[in-house]
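What follows is a single structure, written as structure tokens, with notes after it.
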Amino acid sequence: MLEFYEPQADYGTPESTSTELVTLSIDGVEVTVPEGTSVMRAAAESGVKIPRLCATDQLKSFGSCRVCLVEIEGRRGFPASCTTTVEAGMEVKTQSDEIGKLRRNVMELYISDHPLDCLTCPTNGDCELQDTAGELGLRSVRYGFEGENHLVAEKDESNPYFTFDPSKCIVCSRCVRACEEVQGTFALTIDGRGFESKVSASQAEDFMDSECVSCGACVNACPTATLTEKSIIEVGKPEHSVTTTCAYCGVGCSFKAEMKGNQMVRMTPYKDGKANEGHACVKGRFAFGYATHKDRITVPMIRDSIDDPWKEVSWEEAVTYTAKRFKDIQSQYGRTSIGAISSSRCTNEEVYLVQKMVRAGFGNNNIDTCARVCHSPTGFGLKTTLGESAGTQTFASVADADVVVVMGANPTEAHPVFGSRLKRRLREGAKLIVIDPRKIELVSSPHITADYHLPVRPGTNVTILNALAHVVVNEGLEARDYIEERCDVPEFEKWLAFIGDQRHSPENTESITGVPAADLRAAARLYATGGNGAIFYGLGVTEHSQGSTAVMGIANLAMLTGNIGRDGVGVNPLRGQNNVQGSCDMGSFPHELPGYRHISDSATRELFEGEWGVSLDSEPGLRIPNMFDAALDGDFKGLYCQGEDIAQSDPNTQHVEAALRSIECLVVQDIFLNETAKFAHVFLPGASFLEKDGTFTNAERRISRVRKAMPPLSGKADWEGTMALANALGCEMNYSHPSEIMDEIARLTPTFNGVSYDKLEQLGSIQWPCNDNTPEGTPIMHIDEFVRGKGFFAMTEYVPTTERANRKFPLLLTTGRILSQYNVGAQTRRTDNSEWHGEDLLEIHPHDAEERGINHGDWVGINSRVGDTVLRADVTERVKPGVVYTTFHHPVSGANVITTDNSDWATNCPEYKVTAVQLSKVTEPSNWQARQKSFDKQQQGLLQQGLLQDARS
Amino acid sequence: MSESKIERLVSMINQIALNMSANGDDQMVADQVAQHLEKFWSPPMKNLITEQPSDADLGLSPIAQIAVQNLLVMQDAKQV
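From first to last, the protein sequence lines stand for chains A and B. According to this note's numbering, the stretch in the first sequence is residues 1 to 953, in order. According to this note's numbering, the stretch in the second sequence is residues 1001 to 1080, in order.
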């Protein structure tokens, strides 16, 4: 849907949520609004715009600019309409000669200290100061421009994405308040008083050196050109926009992709987007440059061997070549010798087509997805206990939480827009329990201190969860009525006997977890008795050999305390990638058809067989690690990998590389020649999220539209590429638009029965289940009963990982993410975000560093049982002694060279979070890093050779 | 058929059995382990483990051993 560029509507002050209504008169027209609404907003809702400068509906009213003055019958003076709330019978006048004069006087003062360079100003035509001067009819400034002023104040251009030009600042504090109220970072302040007042980042530092996290909230809030995107300065105002969904993390923020023709100019967070409500982070807001980066490969390529140069070919030749090789492999090695990996970065429709091609075209169920290596335990654990493989809440529901548990997640880095929402609630007084080996930002940040930080030893989450449940039971704090009404009581009684055992007591588990018993007891009491308790968890829970057990432990705890089935509570998995939820929903696991229905269920299979016109295999296919093992065993010879970089993201890199080398036909569909593509024989050019239509489903089960903002650079969106390959294989697909694919999904999937593109246009987004029972979707799940009927308390025996520290490997390595980079970094490394994080570092506690003679910045060799790599040391107390930590955003880091093959017992999700290692100071890269560098050079050379040959011919 | 392939499967079954060990008595746990394998493992993996000689010392835990026998029964039942 193309929309001509228009700034988003701004009602001046936030919406009141009161259910009580008040009627008043504005300029003689009767208006009815919720109690607590400002006069300014009431006027805006009735179609009257009161001029303003310091007010915006994203922030609480402030009342500093004095431009929004009105007259109110019976009141003295001219109250500010932004800070005056409506009253029944109030009679408001927004325009009069006297009001006009007062407003112009105020504007004159502002303009007397403002450069009058409107025609050459980057925000010309998109500036609230300019608009307001126009609205007020300001024609002259009596004070002249010769007096003391700020016109020569120096610009701060340190941030790669926006500039700060104090000469244009009117000191309205909108940026400062946005940083506080919306983002919650408190990086900005007003320094000085009176005429000296100025916006200052941290302690009068450059933005880049300050605590600013570059979320862009200040830029959105600025009513002048003071804070302006560099892209706007460079190319000017956009001319149209397309509403779409961010392709980074699982929050699923809604954005206006603002365009000039096919050129992306700016991403602006969409105020009506229900996941983000107008907020963004540095990735979604600014890091879109990768989409048109020079490294993009936009033409299909093939080669017979990975030692050959690539050859550019047409789409037709590429898919015909692939189909022939896949068919040859199947005839030589059997039907199950090929498979595919779908992507959580692609749309629901694309993921659906990949699994359809595998099941209907390949004739097997060898389809898996990257959720295997992140949230597969969530699917297993929540399905077992609650009956549905999904989170229970909306993000907005955290506003009603009284006690928040954050476990194995780092929302301010990995899910920043939700992190800001959470911080807001915490500043309002909600209590916080953090369960994490590291001292994450939420443990202590401006105006937020966790009530309890339980610094769990990596690998002992299940023990912590059992101990928390033990305390609740032991101290009689369980929600008996809720359990008796909602849960399977005989199973609960069995579980009660298990959890009541003294071996689970905090005192007896302290030596295992490293968490003081008193803190654990206090945290359990707080969660059980503090009101609405909401649990948010991430990969620090799932990526363990007991990941599924831990997820079930979380669900047990929530049911035990009655904390599922209403606003403000729940079990909330924070999904890493944008469409992890959707890729799982769409049948990407080898044992399940879309909607989490087992492939052995003949009724479900028949439904799909009827629609697809083929007979389906009733047995589960291979999971990703099984595919690698089978490849090394010589049984698995062909793989289609769409939008994932398994060579970088999966554990035990050397094992993965050996498996990829043994595959006879590896097809990679991606926007870049990623690490996996270096082992490929066919490269199908992928499309960025800006180049296609479709839907993503975020961690709240919210299905949102992805809309094409520019044509696909390769000529095909990913769903079209898959369709071409399927057709070449003889698996007929004839969709003309992704909406037709969604219609098919809806026909075949009970939880999606009511979903359509028309309804998405109408409602904006839909949280599944959406069907005849819940035609507008389901924001909160399990309200009256659990999806499985009665809630199931699963036994959660703690089985320690076999990956243990010993004398040879005395430290435990755990891994995670940081704010500016995303996953394997393929996208964000190709943006200016690398200015914040140019390399992965190894965090080490000062005691461990001192013991090994390691100083901050030293090169450190990290050896595990499976491999070794070298990273630079970051000596910090964020980690506790005995634990080291790194990220995996850069391929050269080889973070996964050292992670092991250990995996979750139920789902084979890798145990990324626990690797026993030893460290030593070194002076050169590891052997693997040297090999990686040389292999990368060879592959880049083969790419260039291919491109040169094609150019010559 | 490499030895490591079998070892890998044996280690996976033992891990599943250990993690389910609190679910009930040995027979119940073995049943649940077998159902888990049936539900999530691909046929080549199931076949490889069930085709091993019944007297072979694969290193399966006692419960895992019963689970594999149960899996074999389940597979045979499907053939009927």
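For every residue, glycine included, the Cβ atom is placed at its ideal position computed from N, Cα and C. Computed from a predicted model, the values in this text were never measured in an experiment.
### Query
Along chain B, which residues have their Cβ under 7 Å away from the Cβ of Trp905 (chain A)?
Gln1015, Ile1016 and Asn1019
### Residue-level contact to chain A via CB, Ser1002 (chain B), 8 Å cutoff
Residue placement at Ser1002 (chain B) is poorly supported in this model, since its pLDDT is 45, which falls under 50; the coordinates are not used for a value here.
### Task
Determine the direct distance from the alpha carbon of His591 (chain A) to that of Phe683 (chain A), and round the result to whole angstroms.
28 Å
### Reference Ala340 (chain A); option with closest CA among A:Asp368, A:Glu317, A:Tyr596 and A:Phe498
A:Asp368
### Message
Along the chain, where does the beta strand (DSSP E) containing Ser920 (chain A) start, and where does it finish?
### Response
Thr915 to Lys921
### Task
For Ile512 (chain A), collect the residues of the same chain with a Cβ closer than 6 Å to its Cβ; drop the 5 residues on either side in sequence, then sort them by chain order.
Thr460 and Thr463
### Message
By the 8 Å beta-carbon criterion, what residues does the segment 632-659 of chain A contribute toward chain B?
### Response
Asp633 and Asp635
### Task
Decide if Arg457 (chain A) is buried, meaning its Cβ has at least 16 other Cβ atoms within 10 Å, or exposed.
buried
### Message
Quick check: Val1034 (chain A) and Pro377 (chain A), are their CB atoms within less than 8 Å of each other?
### Response
Residue coverage of chain A in this structure runs from 1 to 953, which leaves residue 1034 (chain A) outside it and unanswerable.
### Query
Quick one: what does DSSP say Gly686 (chain A) is sitting in, helix, strand or coil?
coil
### Query
Which chain A residues sit within Cβ distance under 8 Å of Ala1034 (chain B)?
Ordered by position in chain A, no residue passes the 8 Å Cβ test against Ala1034 (chain B), which lies about 14 Å from the chain.
### Own chain residues within Cβ distance below 7 Å of Asn727 (chain A), not counting five before or after
Met733
### Task
Taking the CB atoms as reference points, tell me whether Leu442 (chain A) and Val434 (chain A) lie closer together than 8 Å.
yes
### Query
Does the beta carbon of Asn1023 (chain B) come closer than 8 Å to any beta carbon on chain A?
yes
### Query
Is Pro738 (chain A) helix, strand or coil when you go by DSSP?
helix
### Task
Name the one or two DSSP bridge partners that Phe786 (chain A) has.
A:Gly789
### Query
Between the Cα of Glu239 (chain A) and the Cα atoms of A:Ala680, A:Tyr5 and A:Lys439, which residue gives the shortest distance?
A:Tyr5
### Query
Looking only at C-alpha atoms, which of A:Pro309, A:Thr228 and A:Ser420 sits nearest to Ala280 (chain A)?
A:Ser420
### Query
From Lys980 (chain A) to Val141 (chain A), what does the alpha carbon distance come to, in whole angstroms?
The question about residue 980 (chain A) has no answer here: the residues shown for chain A are numbered 1 through 953.
### Task
For Phe4 (chain A), name the three-state secondary structure that DSSP assigns.
strand
### Query
Does DSSP classify Cys641 (chain A) as helix, strand or coil?
strand
#### Entry: Closer than 8 Å at the beta carbon, the chain B residues around Gly825 (chain A)
Going along chain B, no residue has its Cβ under 8 Å from Gly825 (chain A), so there is no contact; the nearest lies around 31 Å.
### Message
Closer than 8 Å is the cut-off here; do at least three beta carbon pairs connect the segment 244-254 of chain A with the segment 566-582 of chain A?
### Response
yes
### Query
Are the Cβ atoms of Cys68 (chain A) and Met90 (chain A) separated by less than 8 Å?
no
### Query
When you compare only the Cα positions, how much space is there between Pro1062 (chain B) and Ser1054 (chain B)?
13 Å
### Message
I need the DSSP call for Asp901 (chain A), collapsed to helix, strand or coil.
### Response
coil
### Task
Answer yes or no: does any C-beta atom of chain A fall closer than 8 Å to that of Pro1044 (chain B)?
yes
### Message
Using a 10 Å radius around the Cβ and a threshold of 16 neighbouring Cβ atoms, would you call Glu911 (chain A) buried or exposed?
### Response
buried
### Task
Out of A:Thr561, A:Gln932 and A:Leu520, point me to the one whose CA is closest to Asn532 (chain A)'s CA.
A:Thr561
#### Entry: Same chain, Cβ closer than 8 Å to Leu468 (chain A), five either side skipped, listed in chain order
Leu520, Ala523, Ala524, Tyr527 and Leu557
### Task
Spatial neighbours of Ala371 (chain A) within its chain, please: CB distance less than 8 Å, with the 5 preceding and 5 following residues excluded, ordered by chain position.
Ser344, Gly379, Val580, Ser583, Cys584, Ser588 and Phe589
#### Entry: Opening and closing residue of the alpha helix (DSSP H) in which Lys1005 (chain B) lies
Glu1003 to Asn1019
### Message
Distance cutoff 8 Å, beta carbons only. Does Met795 (chain A) sit that close to anything in chain B?
### Response
yes
### Query
Along the chain, where does the alpha helix (DSSP H) that runs through Arg829 (chain A) open and close?
That residue, Arg829 (chain A), is in no alpha helix (DSSP H); it is neither H nor E in DSSP.
### Query
For Asn773 (chain A), which three-state DSSP category applies?
coil
### Task
Identify each residue in the segment 487-498 of chain A for which the Cβ-Cβ distance to at least one residue of chain B is less than 7 Å, and report them in chain order.
Phe498
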